[in-house]
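Student:
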Amino acid sequence: MFTLSYEFKLEPNQLQIDMIEQTLGVCRTVWNYALRERKDWINSRKCPVNACSIEKEYIIPADEPYPSYSRQAKALTEAKKDSERLKSVNAQVLQQVLRTLDRAFSDMKSRGFGFPRFKNKYRLRSYLIPQIRGEVLKGNQIKLPQLGWVRFRKSRDIPEGFKVKQVRVIRKASGYFVMLSLQLDVEVPQPFPHGHPRGLDLGFDKFVATSDGLEVKRPRFLESLQRKLRLLQRRLKNKQKGSNNRHKLNRKIARVHQRISDARKNWHFQLAHQLCDGAGMIFVEDINFRSWQRGMLSKHAADAGFGQFVNILEWVCWKRDVYFAKVDKDGTSQECSQCGAHTGKKTLDVRVHHCPECGYIGSRDVVSAEVIRNRGLTRARVSRASSSDPSAGFPRIGKRSLESRPKGLSDLGQRLENKQIACGGDLTGMEETSSSQEPETGNLVVRLGISRHSA
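And the structure:
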């Protein structure tokens, strides 16, 4: 089963907007009530029995079972009999809210996430319709429960053969959106190692450096609009809480943040497609980017969006039949890419790699990307050796012929061709430096419009 997620902007009328806001309000009420019930039960087990009446305003019986999802879903069904407000919302939507809360508690225990928080009208911004039956799309309209037929901007066509399985309605600063979960009953093989290998090294100064000698500067998305944000947030300080003026100013601030986020995501898609041009394999470091947002460079790490870029790059590589893999991150700047010698630790002000063993000199970031490429090739050879596909040749120079590609992937690729948004355009801040041993990059430099100069 293959799943895609497509997002479109809705164009609802005023009655539909009121219904969306009412649904979000009921979902927020159910979330907060269920969370309070679980939190009270947990807190009642923290204090001794003889002191419970002193420390707490209420007492939950010791034999009262934990309010799990099944118990809360059953209680919700009973509550809908007496509440017209709960009846006005689709039953599956409210049950999905309880499932999301239950998953949040499971992630807190198993994945180390924080304790679930209460939601105000600004925090809960979407609801999920988990099951969609029948044909719900007709031209540029979609049929949603309680809303009827809603117009949306059909910015791209739905791929042939895909069916809508789930729908999520989202409220953003720029309007209302619908996210469609599309499914197709087909088995899609993963790309196997082939073609030209390319290693990528991510960093703050240069957003990405490739093993081919390309160095891409990091755009400052937040800094470009930070002055406007500061001005709006200063005004917000003097606005009375709950007033219409404060609400209007909050919406202005949210639109600025949305503009920054959209620009960053669009640039990430452009860069991912450009890096896939002429490459058959792409390798990156296996880094926990959340740790980058805990130090003094946390603001720059959040502005760059390294984690989002790696996720987008992995998807673009799969779509374009490029092999993608992550390699060990340790010691990439302390190893020579030519002879493999250990060159010792380098401070951040040292930007040139000089190997004392073989004398290789080059840009520190480019050499790190070459080390990542070498490690990726080693991993790809292991992957090929363990593959049951005898046709998975490695390495191959140039593009694979259509006959050598798996039929399922080529058919699906034709359906998805030219369906992805933000695939083209110029990249801001592109430049390239060359090391003493400059690799051949073919027409990639010409397509990117990059000037070539010596290091």
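So in our numbering, the last one in the sequence shown is 462, and the numbering has no gaps at all. Even glycine gets a Cβ: it sits at the ideal position worked out from N, Cα and C.
(1) Measuring alpha carbon to alpha carbon, tell me which of V33, K213 and Q103 ends up nearest E91.
(2) Should K244 go down as buried or exposed, given a rule of 16 or more other Cβ atoms within 10 Å for buried?
(3) From W38, V291, G314 and T30, pick the residue whose C-alpha is nearest to that of R110; which is it?
(4) Quick one: grab the DSSP three-state call for V157.
(5) Short of 6 Å in beta carbon distance, which residues of its chain neighbour A279, apart from the five on each side in sequence? Order them along the chain.
(6) If you reduce the DSSP assignment to three classes, tell me which class G32 lands in.
(7) The beta strand (DSSP E) with K81 in it runs from where to where?
(8) Is it buried or exposed for W156, if we count other Cβ within 10 angstroms and need 16 for buried?
(9) Taking N147 as the reference, give the member of V373, I267 and F15 with the closest Cα.
(10) Using the three-state DSSP reduction, which class does Q173 fall into: helix, strand or coil?
(11) Would the beta-carbon of V185 fall within 9 Å of that of V193?
(12) Give the C-beta separation of E292 and K333 to the nearest angstrom, bearing in mind that I take them to be a contact with Cβ-Cβ under 8 Å.
(13) Does the region 298–308 come within contact of the region 258–265, defined as at least 3 CB pairs closer than 8 Å?
(14) What distance in whole Å lies between the Cβ atoms of L105 and P123, which are believed to be in contact at a cut-off of 8 Å?
(15) Assuming G369 is part of the beta strand (DSSP E), what are its boundary residues?
(16) Just how far apart, CA to CA, sit C362 and Q315?
(17) Just how far apart, CA to CA, sit S162 and D284?
(18) Look up A429 in the DSSP assignment and say whether it is helix, strand or coil.
(19) Comparing C-alpha positions only, which one of R271, R266, F276 and V374 sits nearest to K353?
(20) To the nearest angstrom, report how far apart I368 and D356 are at their CA atoms.
(21) My parser needs the beta strand (DSSP E) runs of 3 or more residues fully inside the region 155–240; what are they?
(22) Do E44 and P7 come within 9 Å of each other at the CB atom, strictly closer than that value?
(23) Among I165, T10 and L232, which residue has its Cα nearest to the Cα of Q190?
(24) Just checking my contact of L144 with V171 at CB under 8 Å: how many whole Å lie between their CB atoms?
(25) So within the region 264–303, which uninterrupted alpha helix (DSSP H) runs reach at least 4 residues, ignoring any that extend past its ends?
(26) With 16 as the cutoff for other CB atoms within 10 Å, does T84 come out buried or exposed?
(27) Do you know whose CA, among R234, M8, R388 and K336, lies nearest F169's CA?
(28) Identify whether A261 lies in helix, strand or coil by the three-state DSSP scheme.
(29) Using DSSP bridges, identify the partner residues of S133.
(30) By the 10 Å Cβ neighbour count, where 16 or more other Cβ atoms means buried, how is P204 classified, buried or exposed?
(31) Provide the residue(s) that pair with Y13 in DSSP beta bridges, ordered along the chain.
(32) What does Q148 pair with, by DSSP beta-bridge criteria?
(33) Could you have a look at V73 and say whether DSSP puts it in helix, strand or coil?
(34) Rank Y129, L256, P152 and F199 by C-alpha distance to the C-alpha of K326 and give the top, closest one.
(35) What are the boundary residues of the beta strand (DSSP E) that includes V357?
Tutor: With the given structure in hand:
(1) V33
(2) exposed
(3) W38
(4) strand
(5) I319, L320 and V323
(6) helix
(7) Run containing K81: none in the beta strand (DSSP E); it sits in the alpha helix (DSSP H), Y76 to A86.
(8) exposed
(9) F15
(10) strand
(11) no
(12) 7 Å
(13) no
(14) About 12 Å separates the two Cβ atoms, so there is no contact after all.
(15) I368 to S370
(16) 34 Å
(17) 25 Å
(18) Confidence at A429 is low in this model, with a pLDDT of 37, below 50, so the placement of that residue should be treated as unreliable; the coordinate-derived value is given next. If DSSP states are grouped into helix, strand and coil, A429 belongs with coil.
(19) V374
(20) 16 Å
(21) 155–159, 170–179, 182–191, 204–209, 213–217 and 221–224
(22) Beyond the ends of the chain as shown, which are 8 and 462, falls residue 7; an answer cannot be given.
(23) T10
(24) 7 Å
(25) none
(26) exposed
(27) M8
(28) helix
(29) I177
(30) buried
(31) L187
(32) K145 and R158
(33) In the sequence as displayed, the identity of residue 73 is Tyr instead of Val. Three-state result, Y73: coil.
(34) F199
(35) Premise fails: V357 is in no beta strand (DSSP E) and is neither H nor E.
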